[in-house]
Amino acid sequence: MNAEAPVIPHLWSRVAALFRPYRPQLILTAVLVVITASAGVIPPLIVERIFDDALFPQDGGAPELALLVELVALAIGIFLATAALGVWQTYVTASVGNKVTGDLRTRLFDTLQSMDLAFFTRTKTGVIQSRLQNDVGGVSGVLTTFVSSIVGNSVTVLASLVAMILLDWRLTLVAVVLMPVLVLVQRRVGQVRARLASRTQESLSEMTAITQETLSVSGILLSKVYNRQRLESQRYGAENDNQVDLQVRLSMSGQWFFGLVTVIMSSVPAVIYLVAGVLIARASDQGVEPTITAGTVVAFTAIQARLLFPLMALMRVALEVQTSRALFARIFEYVDLEPAIVDAPGAMDAADAPGPMGAIEFRDVTFRYPDARADGTPTLDGVSFTAQPGTTVAFVGPSGAGKTTVVYLAARLHEASGGQVLFAGADVRDLTHESIVERVGVVSQETYLFHASIAENLRYARPDATDAELVDACRAANIHEQIERFEDGYDTVVGERGYRLSGGEKQRIAIARVLLKDPPVLLLDEATSALDTVSERVVQAALDRAAQGRTTLVVAHRLSTIADADVIHVVDGGRIVESGTAAELIAAGGLYARLAAEQRD
Numbered sequence: 001m002n003a004e005a006p007v008i009p010h011l012w013s014r015v016a017a018l019f020r021p022y023r024p025q026l027i028l029t030a031v032l033v034v035i036t037a038s039a040g041v042i043p044p045l046i047v048e049r050i051f052d053d054a055l056f057p058q059d060g061g062a063p064e065l066a067l068l069v070e071l072v073a074l075a076i077g078i079f080l081a082t083a084a085l086g087v088w089q090t091y092v093t094a095s096v097g098n099k100v101t102g103d104l105r106t107r108l109f110d111t112l113q114s115m116d117l118a119f120f121t122r123t124k125t126g127v128i129q130s131r132l133q134n135d136v137g138g139v140s141g142v143l144t145t146f147v148s149s150i151v152g153n154s155v156t157v158l159a160s161l162v163a164m165i166l167l168d169w170r171l172t173l174v175a176v177v178l179m180p181v182l183v184l185v186q187r188r189v190g191q192v193r194a195r196l197a198s199r200t201q202e203s204l205s206e207m208t209a210i211t212q213e214t215l216s217v218s219g220i221l222l223s224k225v226y227n228r229q230r231l232e233s234q235r236y237g238a239e240n241d242n243q244v245d246l247q248v249r250l251s252m253s254g255q256w257f258f259g260l261v262t263v264i265m266s267s268v269p270a271v272i273y274l275v276a277g278v279l280i281a282r283a284s285d286q287g288v289e290p291t292i293t294a295g296t297v298v299a300f301t302a303i304q305a306r307l308l309f310p311l312m313a314l315m316r317v318a319l320e321v322q323t324s325r326a327l328f329a330r331i332f333e334y335v336d337l338e339p340a341i342v343d344a345p346g347a348m349d350a351a352d353a354p355g356p357m358g359a360i361e362f363r364d365v366t367f368r369y370p371d372a373r374a375d376g377t378p379t380l381d382g383v384s385f386t387a388q389p390g391t392t393v394a395f396v397g398p399s400g401a402g403k404t405t406v407v408y409l410a411a412r413l414h415e416a417s418g419g420q421v422l423f424a425g426a427d428v429r430d431l432t433h434e435s436i437v438e439r440v441g442v443v444s445q446e447t448y449l450f451h452a453s454i455a456e457n458l459r460y461a462r463p464d465a466t467d468a469e470l471v472d473a474c475r476a477a478n479i480h481e482q483i484e485r486f487e488d489g490y491d492t493v494v495g496e497r498g499y500r501l502s503g504g505e506k507q508r509i510a511i512a513r514v515l516l517k518d519p520p521v522l523l524l525d526e527a528t529s530a531l532d533t534v535s536e537r538v539v540q541a542a543l544d545r546a547a548q549g550r551t552t553l554v555v556a557h558r559l560s561t562i563a564d565a566d567v568i569h570v571v572d573g574g575r576i577v578e579s580g581t582a583a584e585l586i587a588a589g590g591l592y593a594r595l596a597a598e599q600r601d
């Protein structure tokens with residue numbers, strides 16, 4: 001497990017930039033915090049006057065009740081005003097902090113949405129989810145309280161120090177003499193916490209990945225049929241034990257430090273009493289009027305006690321900031337991801353391409369996945385073919401030959417490493433990616449349906465589709481009658497990944513969804529290979545109907561499903577080794593003929 005956080009240049013300036021859209025609210029927060037914090041040191045000064053002028057006048061006379069009432073009323077008024085301003089400040093701060101957190105989460109999600117397909121094939125879904133949930137959630141507290149805590153507590157500390165100096169500079173030196181030492185210790189504690197925080201997030205990421213993999217419908221089915229539930233529980237339990245240990249260590253790191261700070265700050269008043277007594281006694285011995293009065297000591301210790309909490313809060317914030325550095329680095333690492341497929345400057349809409357819509361051409365196309373094969377051979381090497389509008393072009397061959405890569409390159413779901421892929425007569429790199437995918441429909445072997453109703457799954461292709469259009473698409477896909485037999489009809493919830501439906505039903509709903517989109521290009525990636533013979537016939541009939549009038553690229557395992565294709569390309573080792581109709585390829589006696597013979601046997 002790699003516990004080292006990535007190095008992100010100008011990390012804190014980038015964190016500060018997150019607050020830039022909320023500058024007016026930040027200014028208001030700062031003003032409220034400064035007023036509240038400054039007002040907080042006034043009551044102890046009032047206490048000094050209450051003691052020295054109202055309760056125990058210097059002339060030794062009776063208490064000044066009128067002045068006492070006035071001073072007490074002033075103190076209570078300040079308390080009320082401070083409380084009201086504090087509520088307002090909390091609201092503004094919470095609003096800004098949570099909006100910044102939401103912006104960061106949305107920005108991260110948008111970046112992930114823009115990534116190419118290859119990124120998701122090499123990254124665990126649980127790891128991605130952990131960045132969105134655990135990492136952003138881990139910094140939300142810092143983002144929410146950072147401004148108010150830093151500004152408010154800093155102002156309180158400064159105002160308290162000024163008030164303490166005004167009361168007596170000698171007592172102030174005694175109160176703050178150990179602060180530099182505490183700051184140095186706090187820095188060291190923060191470094192330890194940062195390393196622990198990074199390891200904790202890595203562990204959370206692994207736990208999220210295990211949960212996503214093993215508690216999905218597919219994962220739980222796999223663990224049950226192989227009787228591996230106990231093994232998966234042990235795997236999760238081991239990582240959970242690691243997480244518990246890290247959380248305990250993270251929680252305990254710095255506790256001795258804060259305990260020491262509490263002891264020191266709590267002991268200061270007693271030391272102040274001692275020092276004040278020494279100074280008063282010395283002044284008396286010298287026959288000089290003491291500059292320290294009872295009111296001075298009471299007010300000083302009240303302010304010093306008030307200094308404890310903001311000082312502790314500042315140190316905690318400093319630790320949290322150091323701790324969150326690793327989390328911010330992990331978040332920005334994903335925010336900075338560069339998608340492999342981006343629109344070129346001046347890219348045009350596919351509708352404006354010079355060729356006929358639906359025409360696809362590969363010119364000496366080469367493709368390598370980012371995690372290329374160990375021997376350095378490309379997945380595709382020098383692939384060339386042409387698909388005319390309205391024709392069906394099939395790709396067959398051994399597993400791993402590169403057939404699926406061909407059809408995904410046609411939709412620019414991958415970026416070719418070399419050569420040219422043309423769509424409607426234009427290089428796909430000269431077209432906007434959005435305009436290409438709008439004109440392409442895909443039906444794959446692994447059909448994905450959301451945990452929602454059939455109607456909602458269909459409308460994913462066209463949110464504005466009417467009920468009549470849903471029915472027409474489902475009729476064309478040979479699934480309408482089956483849906484009508486469900487108790488809830490089109491409102492039937494299909495379950496996680498559509499597991500409440502049979503394989504053939506899922507495939508036909510996927511076909512209906514594509515028909516609802518009505519694209520000029522159809523990509524079929526072994527759409528019937530996982531079905532039984534009866535379901536295959538029904539689905540194949542729906543596919544044949546869907547392919548009418550569209551350019552169709554088909555990846556097929558069962559050769560019987562592409563017998564009527566206009567041209568069949570046989571792919572082996574990333575190259576097209578044979579091309580022709582089914583009859584021509586059988587007559588040639590090559591790889592296609594051998595595959596056909598194996599399937600007949």
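Sequential numbering from 1 applies to the sequence shown in the UniProt record's numbering.
In this text, a Cβ means the ideal position worked out from N, Cα and C, and glycines have one as well.
Since the structure is predicted, the reported quantities are computational estimates derived from the model, not experimental observations.
**Study point:** Proximity of isoleucine 331 and leucine 104 at Cβ, strictly below 8 Å
**Key:** Isoleucine 331 places its beta carbon less than 8 Å from that of leucine 104.
Review point. Which of helix, strand or coil does DSSP assign to alanine 477?
Key: The three-state reading of DSSP puts alanine 477 in coil, since its state is none of H, G, I, E or B.
Point to revise | methionine 1 (DSSP reduced to helix, strand or coil) | key: Only weak support exists for where methionine 1 lies, its pLDDT of 41 falling under 50; the value from the coordinates is given anyway. Methionine 1 sits in coil when the DSSP states are folded into three classes, being neither helix nor strand.
Practice item. Identify whether threonine 379 lies in helix, strand or coil by the three-state DSSP scheme. Key: Coil, per DSSP.
Exercise for review: Indicate whether serine 47 and valine 298 have their beta-carbon atoms separated by less than 8 Å.
Suggested key: It is worth fixing the name first, because residue 47 is valine in this sequence and not serine. Contact: yes.
Check your understanding: Is isoleucine 35 helix, strand or coil when you go by DSSP?
Key -> Under the three-state reduction of DSSP, isoleucine 35 is assigned to helix.
Review point. The beta strand (DSSP E) spanning isoleucine 576 covers which residue range?
Key: Annotation for isoleucine 576: the continuous beta strand (DSSP E) segment containing it runs 575-580.
Point to revise | Cβ-Cβ distance between tyrosine 334 and threonine 111 below 8 Å | key: Annotated as proximal: tyrosine 334 and threonine 111, with beta-carbon spacing under 8 Å.
Check your understanding: At a cut of 8 Å, does the region 422-439 reach the region 452-460 through at least three beta carbon pairs?
Key -> Too few Cβ pairs lie closer than 8 Å, so no.
Exercise for review: Under 8 Å by Cβ, that's how I've got tyrosine 408 and leucine 117 pegged, so tell me the actual separation to the nearest angstrom.
Suggested key: With a contact defined as Cβ atoms closer than 8 Å, tyrosine 408 and leucine 117 qualify at about 7 Å.
Point to revise | Close-in-space but distant-in-sequence residues of the same chain around glutamine 133 (CB under 8 Å, 5 per side omitted) | key: For glutamine 133, same chain residues with a beta-carbon under 8 Å away, outside a window of 5 residues either side, are Thr208 in chain order.
**Study point:** Cβ pair alanine 175, leucine 250 closer than 8 Å
**Key:** Taking 8 Å as the Cβ cut-off, alanine 175 and leucine 250 do not qualify as a contacting pair.
Check your understanding: Touch check for the region 17-29 and the region 68-80: three-plus C-beta pairs under 8 Å?
Key -> Segments in contact, no.
Practice item. Take every Cβ of the region 512-521, pair it with every Cβ of the region 464-478, and state whether three or more of those distances are shorter than 8 Å. Key: Result yes; three or more Cβ-Cβ pairs closer than 8 Å.
Review point. Three-state secondary structure (DSSP) at phenylalanine 114?
Key: Contrary to the premise, residue 114 reads as serine rather than phenylalanine in this sequence. Three-state result, serine 114: helix.
Review point. Can you check whether the CB of glycine 425 is closer than 8 Å to the CB of residue 611?
Key: Residue 611 lies beyond the residue range present for the chain, which begins at 1 and ends at 601; the question has no answer from this structure.
**Study point:** Unbroken beta strand (DSSP E) run spanning valine 174, endpoints
**Key:** Element bounds for valine 174: not the beta strand (DSSP E) but the alpha helix (DSSP H), 169-176.
Exercise for review: Report the three-state DSSP secondary structure of phenylalanine 486 (helix, strand or coil).
Suggested key: If DSSP states are grouped into helix, strand and coil, phenylalanine 486 belongs with coil.
**Study point:** Endpoints, the alpha helix (DSSP H) within which residue 602 is located
**Key:** Look at the range of the chain in this structure, 1 to 601, and you will see that residue 602 is not part of it.
Check your understanding: So what does alanine 395 bridge to, in DSSP terms?
Key -> In the sequence under discussion, the amino acid at residue 395 is phenylalanine, which differs from the alanine named in the question. Looking at the DSSP assignment, phenylalanine 395 forms a beta bridge with Val555, His569.
Point to revise | Through-space distance from proline 269 to isoleucine 165, alpha-carbon basis | key: In this structure, the CA atom of isoleucine 165 is about 15 Å from the CA atom of proline 269.
Review point. Just to confirm, are phenylalanine 79 and alanine 294 a CB contact at a threshold of 8 Å?
Key: No.
Practice item. Could you tell me the boundaries of the alpha helix (DSSP H) in which leucine 595 lies? Key: Per DSSP, leucine 595 belongs to the alpha helix (DSSP H) from 591-600.
Exercise for review: Pick out whichever of Phe119, Gly573, Gly418 has its Cα sitting closest to the Cα of leucine 337.
Suggested key: Ranking Phe119, Gly573, Gly418 by Cα distance to leucine 337 puts Phe119 first.
Review point. In the DSSP assignment, what residue or residues form a beta bridge with residue 618?
Key: Examination of residue 618 is not possible in this model, given that the chain is present from 1 through 601 alone.
**Study point:** From Arg49, Leu85, Leu11, Leu55, residue whose alpha carbon lies closest to that of alanine 30
**Key:** Minimum Cα distance to alanine 30 is reached at Leu85.
Review point. Does the beta-carbon distance from glutamate 578 to glycine 590 come in below 8 Å?
Key: Glycine 590 is positioned such that its CB atom lies closer than 8 Å to that of glutamate 578.
Exercise for review: Look at the Cβ atom of glycine 441, then the Cβ atom of valine 494, and state whether they are nearer than 8 Å.
Suggested key: Taking 8 Å as the Cβ cut-off, glycine 441 and valine 494 do not qualify as a contacting pair.
Check your understanding: What is the DSSP secondary structure of aspartate 135, reduced to helix, strand or coil?
Key -> For aspartate 135, the secondary structure class from DSSP, reduced to helix, strand or coil, is helix.
**Study point:** Reference glutamate 496; option with closest CA among Leu449, Glu536, Arg325, Val365
**Key:** Here the closest residue by C-alpha is Leu449.
Review point. Anyone know if the C-beta pair for valine 41 and serine 160 falls short of 8 Å?
Key: Against a cut-off of 8 Å, the Cβ pair of serine 160 and valine 41 comes out as a contact.
Practice item. With DSSP collapsed to three states, give me the class of threonine 211. Key: When secondary structure is reduced to three states using DSSP, threonine 211 falls in the helix class.
Review point. Excluding five sequence neighbours on each side, which residues of the same chain lie with their C-beta closer than 7 Å to the C-beta of threonine 386?
Key: Closer than 7 Å at Cβ, skipping near neighbours: Glu361.
Practice item. Could you check how far apart the C-beta atoms of glycine 574 and proline 378 are, in whole angstroms? I think they sit under 8 Å. Key: In this structure glycine 574 is in contact with proline 378, their Cβ atoms being roughly 6 Å apart against a cut-off of 8 Å.
Point to revise | Through-space distance from arginine 508 to asparagine 478, alpha-carbon basis | key: If I take the Cα positions, the gap works out to 7 Å.
Exercise for review: State the start and end residues of the unbroken beta strand (DSSP E) segment that holds aspartate 349.
Suggested key: Where aspartate 349 is concerned, there is no enclosing beta strand (DSSP E), given that its DSSP letter is neither H nor E.
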